[in-house]
Structure formats: structure tokens, C-alpha cells
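Asks: One structure coming up, written as C-alpha cells, with questions to follow.
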Amino acid sequence: MSGTSPFRVALTFDAEHPDRPTPPGVTGRILDGLAAAGVVATFFVQGRWAQAEPALARRIVDDGHLVGSHSHHHARLTTLTGAGIASDTRAAETAIVAATGRDPRPWYRCPFGAGAGSARVVDRLASLGYLDVGWHVDSRDWGGPTPAALRARVVRGTLAHGDGAVVLLHGWPASTAEALPGILGDLRAAGATFATVADLPLLPGRRSTAGGR
Numbered sequence: 002m003s004g005t006s007p008f009r010v011a012l013t014f015d016a017e018h019p020d021r022p023t024p025p026g027v028t029g030r031i032l033d034g035l036a037a038a039g040v041v042a043t044f045f046v047q048g049r050w051a052q053a054e055p056a057l058a059r060r061i062v063d064d065g066h067l068v069g070s071h072s073h074h075h076a077r078l079t080t081l082t083g084a085g086i087a088s089d090t091r092a093a094e095t096a097i098v099a100a101t102g103r104d105p106r107p108w109y110r111c112p113f114g115a116g117a118g119s120a121r122v123v124d125r126l127a128s129l130g131y132l133d134v135g136w137h138v139d140s141r142d143w144g145g146p147t148p149a150a151l152r153a154r155v156v157r158g159t160l161a162h163g164d165g166a167v168v169l170l171h172g173w174p175a176s177t178a179e180a181l182p183g184i185l186g187d188l189r190a191a192g193a194t195f196a197t198v199a200d201l202p203l204l205p206g207r208r209s210t211a212g213g214r
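If you want it as C-alpha cells, here you go:
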């Protein structure tokens with residue numbers, strides 16, 4: 002996609018405990034960057050993270066972002082029984098509501114993307130009131146890219162997809178906070194407007210069976 006024809010982009014952030022050493026304050030810097038640019042996003046919040054970071058979890062809502070669930074223990078749902086999925090999902094819901102005052106339903110993102118291709122998992126989530134939301138553009142920010150490489154990857158992938166692109170990012174990599182202003186500027190210059198997943202049509206391409214953290 003090229004030029005400046007308007008198109009919608011949903012930036013999504015998995016707010017979770019980091020899986021490797023990371024400097025403190027990254028999620029706050031991401032929220033600062035979004036606020037400075039006047040951009041709304043979607044945050045898929047891990048229940049245990051909300052319990053550990055209630056002020057940040059509440060700020061996500063106060064800043065006007067959409068909240069979904071990212072499970073409680075960040076386990077691969079394909080390894081859990083139906084009862085286990087239900088227990089984990091309800092625990093996350095309780096923690097997220099307690100921290101944010103907002104019900105995350107119906108938005109859900111499977112940890113690691115594991116489960117989006119499983120009818121058993123998707124159906125169990127649906128019975129609990131959730132729709133699994135995947136992505137079109139995987140930033141792979143968890144892998145330690147430089148801010149410049151991350152910026153280029155996200156912008157290139159988003160422009161290639163075009164209208165309705167859902168972008169996967171995370172709330173803890175320092176490179177994400179550093180790259181975010183450039184990502185927002187580049188996409189806006191190309192004609193992007195920013196939306197939450199609730200503002201976009203539900204597309205099959207949102208579901209992914211690979212990648213992600």
C-alpha cells in the first residue's frame with residue numbers, strides 16, 4: 002500500500018510479565034507515547050500482571066484504551082483442559098475487573114497465539130463470552146530488535162496489509178517504547194488513522210496459529 006489514502010490500524014499491546022530482563026517503566030513510556038500522539042490502542046492484559054501493576058492497568062482504561070484479556074497465567078491454552086481454560090479465564094477476568102473496573106469481554110488474545118487454530122479452545126472461550134483476537138502484523142518485538150528495525154518491520158507490514166491491520170506489540174520491550182513515536186509518525190504520514198479492535202470488522206485474518214508471545 003502506498004500514498005496517503007486513509008486506512009485504519011489497530012495497534013495492540015499484550016500487557017504481561019516480561020519473559021526476559023527488561024528496564025522498568027516501559028509500559029508507562031508506551032502509554033506516554035500514545036497519549037502524546039492522541040492515539041487509542043487495545044491492551045490485552047494478563048490477570049497476574051494486573052494484580053502486580055494495578056496503577057498501570059487502571060491507567061490503560063483512564064487513558065481511553067480498550068482492554069481485553071490475555072489469560073491469567075500465560076499458559077498455552079492447548080495444554081489445558083476445558084475446565085482449566087475456564088478457571089484461568091475467570092481468574093484473569095476477576096483480576097482485570099478489580100484493577101481496571103472494566104470487563105475485558107469479549108476481547109481475548111491467546112498466549113503465544115496458541116489456541117487460535119483449535120476449535121476446542123476457541124469454542125471454550127466463546128462459551129465464556131470471549132472472541133480470540135489474533136493479528137495481521139507480528140512485530141516480533143519480544144526478540145530484541147533494534148528500535149529502527151522494529152519500526153521498519155511494523156510500518157512495512159502494516160502498509161502491506163492495508164486497511165484494518167491489527168498489529169501485535171508488547172508492553173515490556175524497551176525497543177517498543179523507543180520505536181513507537183516513529184511508528185506512529187510514519188503510519189500517520191502514510192494516511193493511517195488509529196482504532197481499537199472493537200472499531201474494526203471481525204476478520205479471519207485476526208486469528209493466527211503461530212508467532213507471538
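Numbering (our numbering) for the sequence shown: 2 to 214.
Glycine included, C-beta positions come from ideal geometry on N, C-alpha and C.
Helix, strand or coil: which one does DSSP assign to tryptophan 50?
Replies: helix
Asks: Give a yes or no on whether the C-beta atoms belonging to histidine 71 and tryptophan 50 are separated by under 9 Å.
Replies: yes
Asks: Taking only beta-carbon atoms, is threonine 79 less than 9 Å away from chain C?
Replies: Looking at the structure shown, chain C is missing, and only one protein chain is on hand.
Asks: Can you give me the start and stop residues for the beta strand (DSSP E) that serine 128 sits inside?
Replies: Where serine 128 is concerned, there is no enclosing beta strand (DSSP E), although the alpha helix (DSSP H) it sits in stretches over 120 to 128.
Asks: Return helix, strand or coil for tryptophan 143, following the three-state DSSP convention.
Replies: Here tryptophan 143 sits in helix by DSSP.
Asks: Alpha carbon to alpha carbon, what distance is there between arginine 157 and glycine 116?
Replies: Rounded to the nearest angstrom, the gap between the Cα atoms of glycine 116 and arginine 157 is 27 Å.
Asks: The alpha helix (DSSP H) spanning histidine 66 covers which residue range?
Replies: Histidine 66 -> no alpha helix (DSSP H), and no H or E assigned at all.
Asks: For histidine 162, which of helix, strand or coil comes out of DSSP?
Replies: helix
Asks: Going by beta-carbon coordinates alone, are threonine 43 and tryptophan 143 separated by less than 9 Å?
Replies: no
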